[in-house]
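Since the structure comes first, as structure tokens, the remarks are kept for the end.
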Amino acid sequence: MTQKYVVFVRNPISMNFSDPSKPVAQIMEVEEDIPTSFFVLSKEDGKLLAQYDAPSFTFFHSVNGYDFQTANGDTTIHIDLCSYDEATIPYREYTLSNVVDPAGPYANGTLTRYELADLNIHQYSLSGAPGRVTVASAIAGTGMELPRISKSASMNPSYRYVYATGGNGESAPGTLVPMGRLSNGLKITQAAFFNSIVKSDWATGKFLRWKPDNGESCPCEPIFIGRPGATEEDDGLVLTIVCDREGTRSVLVAMDGRTLTEVARAYMPQVYGLGPHGTFVEDY
1 MTQKYVVFVR
11 NPISMNFSDP
21 SKPVAQIMEV
31 EEDIPTSFFV
41 LSKEDGKLLA
51 QYDAPSFTFF
61 HSVNGYDFQT
71 ANGDTTIHID
81 LCSYDEATIP
91 YREYTLSNVV
101 DPAGPYANGT
111 LTRYELADLN
121 IHQYSLSGAP
131 GRVTVASAIA
141 GTGMELPRIS
151 KSASMNPSYR
161 YVYATGGNGE
171 SAPGTLVPMG
181 RLSNGLKITQ
191 AAFFNSIVKS
201 DWATGKFLRW
211 KPDNGESCPC
221 EPIFIGRPGA
231 TEEDDGLVLT
241 IVCDREGTRS
251 VLVAMDGRTL
261 TEVARAYMPQ
271 VYGLGPHGTF
281 VEDY
């Protein structure tokens, strides 16, 4: 979603229901011969304004979006996604059996900025060929998934920072990760579901990485909490939950949003599931 538009991105993935006994992750099929399409709708009246196509790729989570006017007065939209190669279905890797015993190397998403240019032109030519999506920029050198941003950064063309999990499938220090209902089973995992928290900077193309130590592992989706009265986008705390080495309890870790330096932690009385999503509620 941008200031003026809603953008739907269609993954080139279909469902094969020929065998109803299979779980959802196993009936997904990538249609590599079709593009990944971006449909632009007006927030004002809900009408479809334009379609843009990109060479086939898949994605799991979106990051942000915004629209802006170029020097010649045309409208351009940027959509930021954690994208994967065309044949990858990341959902398949997040099954319990694969986390315990990976069938192969995990795929890692790349933080990518897709550009939908010249909306003024394409919105009047829906009957013609779709517009062409280009890659405006990408953060190289690190995989990223489960991205989060500051609330103030939402739909903001000048936003810079993205916090996410990283190192999917990289080595873990032999942590006893709880498996099974009510943590009634333990499994030593050498390949972490995620092994780090990453902060990327669109302005510089660089990133910072925080990794748990003391045998802890599997940091979950980071949540950014802005400091009250803050004027800088990354002035606040980043929260994540990790599992301790023994697999007996989880730890809530707070990091400085600017440096990813740990500033506080709270030990929980039990292990919490490796859930992908969470939020911070300021007021009830």
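Oh and the sequence shown: position 191 is 191 in our numbering, straight run, nothing missing. Built from N, CA and C at the ideal position, the CB exists for glycine as well. None of the values given here were measured: they were computed from a predicted structure.
Run of the beta strand (DSSP E) containing residue i, from where it starts to where it stops
i      : result
Asn120 : It is not in any beta strand (DSSP E) - Asn120 instead sits in the alpha helix (DSSP H) that spans 119–122.
Trp210 : 207–210
Thr75  : 75–84
Ile13  : 13–15
Arg160 : First-last for Arg160: undefined, no H or E at that position.
Arg265 : 262–267
Pro130 : No beta strand (DSSP E) holds Pro130; DSSP gives it neither H nor E.
Val63  : 58–69
Gly226 : 223–226
Arg92  : No beta strand (DSSP E) holds Arg92; DSSP gives it neither H nor E.
Separation of residue j from residue i, as counted between CA atoms
i      : j      : result
Gly292 : Ala138 : The structure shown does not extend to residue 292, since the chain is modelled only from 1 through 284, so no value can be given for it.
Lys47  : Tyr5   : 10 Å
Ala254 : Asn64  : 23 Å
Trp202 : Gly141 : 13 Å
Glu246 : Gly273 : 15 Å
Met144 : Pro219 : 13 Å
Thr240 : Ala266 : 11 Å
Tyr66  : Pro147 : 16 Å
Ser150 : Ile223 : 9 Å
Met268 : Asp244 : 10 Å
Phe194 : Ser217 : 8 Å
Val7   : Phe39  : 5 Å
Asn156 : Met28  : 34 Å
Asn72  : Leu49  : 20 Å
Leu119 : Ala264 : 46 Å
Gly131 : Ile121 : 9 Å
Ile34  : Ala103 : 27 Å
Buried versus exposed call for residue i [16 or more other C-beta atoms within 10 Å across all chains shown]
i      : result
Gln270 : exposed
Glu282 : exposed
Gln51  : buried
Arg78  : Checking the sequence shown, residue 78 turns out to be His, not Arg. It counts as buried.
Pro90  : buried
Thr112 : buried
Lys199 : buried
Residue i - containing alpha helix (DSSP H), residue span
i     : result
Lys27 : For clarity, residue 27 is Ile in the given sequence; the question names Lys instead. Residues 24–27.
Contact with chain B by residue i, beta-carbon distance below 8 Å
i      : result
Val135 : In the displayed structure, chain B is absent; only one protein chain is listed.
Residue i: CB within 7 Å of a non-hydrogen atom of the ligand NAD
i      : result
Ala203 : The ligand NAD is not part of the structure shown, which contains no ligands of any sort.
8 Å Cβ cutoff met for residue i and residue j
i      : j      : result
Glu115 : Thr76  : yes
Tyr285 : Asp234 : Here the chain has residues from 1 to 284 only, and residue 285 is not among them.
Val238 : Pro212 : no
Thr165 : Glu221 : yes
Ile13  : Val24  : no
Ser56  : Thr36  : yes
Gly236 : Arg227 : yes
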